[in-house]
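Notes follow once the structure below has been shown.
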Amino acid sequence: MGNNKMIPRNSKSRLPNPDDFSNYLTNDQIIELAKERLDQGPWDYLVGASESETTQRRNRLAFDKVGFRPRVLIDVSTIDNSTEFIGQTLRIPVLLAPIGSLQVFDSKGGITVAKAAEKFGTIQVVSSVTEPSLEETMESSSFSKIFQLYVQGDWEWTKNMISRAEEAGYKALCITVDTAVYSRRERPMLSNWIPISQRNKVDPKWRASLTWDDIDKIKNFTSLPVMLKGIATSEDASIGIEHGVDSIWVSNHGGRQLDHGKGSLDILPEVVDAVSGKASIILDGGIQRGSDVVKALIMGANAVAIGKMQGWGLAAGGLDGLVRVLEILEDEIRVTMGLLGVRSFKELNVNLICKTEPVSIPHEMSSWVNKSEDRIL
Numbered sequence: 005m006g007n008n009k010m011i012p013r014n015s016k017s018r019l020p021n022p023d024d025f026s027n028y029l030t031n032d033q034i035i036e037l038a039k040e041r042l043d044q045g046p047w048d049y050l051v052g053a054s055e056s057e058t059t060q061r062r063n064r065l066a067f068d069k070v071g072f073r074p075r076v077l078i079d080v081s082t083i084d085n086s087t088e089f090i091g092q093t094l095r096i097p098v099l100l101a102p103i104g105s106l107q108v109f110d111s112k113g114g115i116t117v118a119k120a121a122e123k124f125g126t127i128q129v130v131s132s133v134t135e136p137s138l139e140e141t142m143e144s145s146s147f148s149k150i151f152q153l154y155v156q157g158d159w160e161w162t163k164n165m166i167s168r169a170e171e172a173g174y175k176a177l178c179i180t181v182d183t184a185v186y187s188r189r190e191r192p193m194l195s196n197w198i199p200i201s202q203r204n205k206v207d208p209k210w211r212a213s214l215t216w217d218d219i220d221k222i223k224n225f226t227s228l229p230v231m232l233k234g235i236a237t238s239e240d241a242s243i244g245i246e247h248g249v250d251s252i253w254v255s256n257h258g259g260r261q262l263d264h265g266k267g268s269l270d271i272l273p274e275v276v277d278a279v280s281g282k283a284s285i286i287l288d289g290g291i292q293r294g295s296d297v298v299k300a301l302i303m304g305a306n307a308v309a310i311g312k313m314q315g316w317g318l319a320a321g322g323l324d325g326l327v328r329v330l331e332i333l334e335d336e337i338r339v340t341m342g343l344l345g346v347r348s349f350k351e352l353n354v355n356l357i358c359k360t361e362p363v364s365i366p367h368e369m370s371s372w373v374n375k376s377e378d379r380i381l
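Residue numbers (this note's numbering): 5 to 381.
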């Protein structure tokens, strides 16, 4: 499992030699290599979602329903696709979302992602249920990192985890709030594969009993900025602002928790209205292309985060594979900005987008034209 698994190269393969990822021109190619290198169980865990996978498909559909209204005859010979987030300059506004079983896709897990994030120039959000420890991951690179917390114990346990993150030097604390009940993720279930994060049994009552009172206790205890990941309504975004949350992370867990929810991008406008500039906004779910990043920023997000694409890059080629995923996203962002007639994210505005009709059936890879559902399952 993971990118350490060697495979024979098929003479008919369309893929370049993975010893040099600069030869990989599209993320389509990287996904195909990841598929070759992963066993069925980890692949199903990475690409699948809960039950009918309706929420996951709507994540993609939400982006497909947004079209561009480009402006022309504007000097776009210089384009700046960098941004500022939590005091850190990012090469592109794309964070690396927390993944609980990174070590399945690369044997060094969080350390490989940390080094890739530093090499490229973006922020890693380190999952509290991945390996190695939060301290080892932090020490592996000097670039800013955010610590993601699943509350899996009592208040003393929670305080200890937060203190460890503070002492290690994390720049913010991200609390995932949409996993009160673990969902039915049928693809890995049918593969008889259990995610590593689920193999060490933890009493489910801790996540199930998490409330706004606990968020207040955490806010009062830590000096770190607090993010809430898993906000899917304007009501909860408003309550989060009332409780002094520093960042609202719009997410439906990539469609991996509640099925039949709205796509993340469809949720974004009501959250932006509710937040009214009082907190930063992150969005994940369905991000596959640089044009998706631009759409999300036009609609009010400050940054986006990638999960599946991160996993594909790691599975295909570890550090080099993930960096190449980000490089391709960067080029797509640059092209989109130039063809829209904007030179920086400050020039983005809602007049550059419109409602359109989708032209393909959405699924977890539907933004790549040669990825039919039959080929990817």
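Just so you know, even glycine gets a beta-carbon here, dropped at the ideal spot from N, CA and C. Keep in mind that this is a model prediction, so the values were computed, not measured.
Nearest candidate by alpha-carbon position, reference residue i, set the options
| i | options | result |
| --- | --- | --- |
| Leu-100 | Arg-293, Ile-285, Leu-330, Val-346 | Leu-330 |
| Gly-322 | Ser-213, Phe-67, Gly-113 | Gly-113 |
| Leu-318 | Lys-175, Val-108, Asn-21, Glu-88 | Val-108 |
| Gly-173 | His-247, Ile-150, Lys-223 | Ile-150 |
| Asn-204 | Phe-72, Asp-79, Lys-119, Gly-104 | Gly-104 |
| Glu-143 | Ile-332, Leu-326, Ala-169 | Ala-169 |
| Asn-306 | Gln-314, Gly-259, Lys-312, Asp-288 | Asp-288 |
| Lys-463 | Thr-162, Trp-316, Gly-258, Arg-64 | Nothing in the structure corresponds to residue 463, since the chain is present only between 5 and 381. |
| Glu-468 | Thr-237, Lys-119, Leu-343 | Look at the range of the chain in this structure, 5 to 381, and you will see that residue 468 is not part of it. |
| Gly-290 | Asp-217, Asp-324, Ser-371 | Ser-371 |
| Lys-197 | Pro-46, Asp-218, Glu-160, Ile-332 | Sequence check: residue 197 is Trp here, not Lys. Looking at the Cα atoms, Pro-46 is the closest of the given residues. |
| Arg-260 | Gly-234, Asp-270, Ile-252 | Gly-234 |
| Leu-343 | Asp-79, Gln-314, Thr-237, Ala-38 | Asp-79 |
| Lys-359 | Leu-65, Met-193, Arg-41 | Leu-65 |
| Ser-146 | Gln-128, Gly-157, Pro-136 | Gln-128 |
| Met-410 | Val-181, Asp-110, Thr-226 | Absent from the model: residue 410. The displayed extent of the chain is 5 to 381, so no value can be given. |
| Phe-384 | Arg-328, Ser-137, Glu-122, Asp-296 | Any question about residue 384 goes unanswered here, given that the chain covers just 5 to 381. |
| Ile-200 | His-257, Pro-136, Ala-236, Asp-158 | Pro-136 |
| Ile-365 | Gln-202, Ser-195, Arg-62 | Arg-62 |
| Asp-217 | Leu-138, Ile-271, Val-249, Pro-208 | Val-249 |
| Val-279 | Asp-207, Pro-208, Lys-39, Thr-237 | Thr-237 |
| Asp-110 | Asp-324, Arg-189, Leu-272 | Asp-324 |
Limits of the alpha helix (DSSP H) - the one that residue i falls within
| i | result |
| --- | --- |
| Gln-314 | 312-344 |
| Trp-161 | 159-172 |
| Met-231 | Not the alpha helix (DSSP H): Met-231 falls in the beta strand (DSSP E), residues 230-235. |
| Leu-153 | Element bounds for Leu-153: not the alpha helix (DSSP H) but the beta strand (DSSP E), 149-153. |
| Gly-287 | The sequence given here has Leu at residue 287, not Gly. First-last for Leu-287: 284-288, but that is the beta strand (DSSP E), not the alpha helix (DSSP H). |
| Gly-294 | 294-302 |
| Ala-278 | 268-279 |
Cβ-heavy atom distance, residue i to the ligand MG, below 8 Å
| i | result |
| --- | --- |
| Lys-359 | As presented, the structure is devoid of all ligands, the ligand MG included, so that no description of it is given. |
Contact check, residue i vs residue j, beta carbons under 9 Å
| i | j | result |
| --- | --- | --- |
| Ser-357 | Val-70 | Reading off the sequence shown, one finds Ile at residue 357, where the question assumed Ser. Cβ distance < 9 Å, so Ile-357 and Val-70 count as in contact. |
| Arg-191 | Asp-43 | no |
| Ile-35 | Phe-25 | no |
| His-247 | Asp-277 | no |
| Asn-85 | Ser-348 | yes |
| Val-98 | Val-308 | yes |
| Asp-74 | Gly-345 | The sequence as given places Pro at residue 74; Asp does not occur at that position. Yes. Within cutoff. |
| Pro-393 | Leu-177 | A question about residue 393 goes unanswered here, because the residues of the chain that appear run from 5 up to 381. |
| Ser-148 | Ile-96 | no |
| Asn-31 | Leu-333 | yes |
| Ser-268 | Ser-251 | no |
| Thr-93 | Gly-125 | yes |
| Lys-299 | Glu-368 | no |
| Asp-138 | Gly-315 | The residue you asked about is not Asp; residue 138 is Leu in the sequence shown. Contact: no. |
| Gly-258 | Ala-38 | no |
| Ala-1 | Arg-41 | In this structure the chain extends from 5 to 381, so residue 1 is not present and cannot be described. |
| Asp-23 | Pro-362 | no |
Residue span of the beta strand (DSSP E) that contains residue i, given as start and end
| i | result |
| --- | --- |
| Leu-138 | Element bounds for Leu-138: not the beta strand (DSSP E) but the alpha helix (DSSP H), 138-143. |
| Thr-134 | No beta strand (DSSP E) contains Thr-134, which DSSP labels as neither H nor E. |
| Thr-30 | Segment: none, Thr-30 is in no beta strand (DSSP E) and carries neither H nor E. |
| Trp-253 | 251-254 |
| Ile-365 | Careful: Ile-365 lies outside any beta strand (DSSP E) and carries neither H nor E. |
| Leu-177 | 176-180 |
| Ile-357 | 357-359 |
>> As an exercise, report each continuous beta strand (DSSP E) stretch of at least 3 residues that is fully enclosed by the region 90-131, in chain order.
In response: 92-94, 98-100, 128-131
>> Is it the case that the region 240-249 contacts the region 348-367, given that we only count it when at least three CB pairs across the two stretches are under 8 Å?
In response: no
> With a cut-off of 8 Å, do at least 3 Cβ pairs link the region 277-287 to the region 333-350?
Replying inline: no
> Can you find at least 3 beta carbon pairs, one from the region 58-67 and one from the region 260-268, that sit closer than 8 Å?
Replying inline: yes
> Can at least three beta-carbon pairs, one atom from the region 171-187 and one from the region 203-222, be found at a separation below 8 Å?
Replying inline: yes
>> If contact is defined by three or more beta carbon pairs under 8 Å, each pair taking one atom from either stretch, is the region 126-134 in contact with the region 151-161?
In response: yes
>> So within the region 187-241, which uninterrupted beta strand (DSSP E) runs reach at least 3 residues, ignoring any that extend past its ends?
In response: 230-235
>> Report the start-end ranges of each alpha helix (DSSP H) in the region 39-81 that is 4 residues or longer and not cut off at the edges.
In response: 44-51, 58-68
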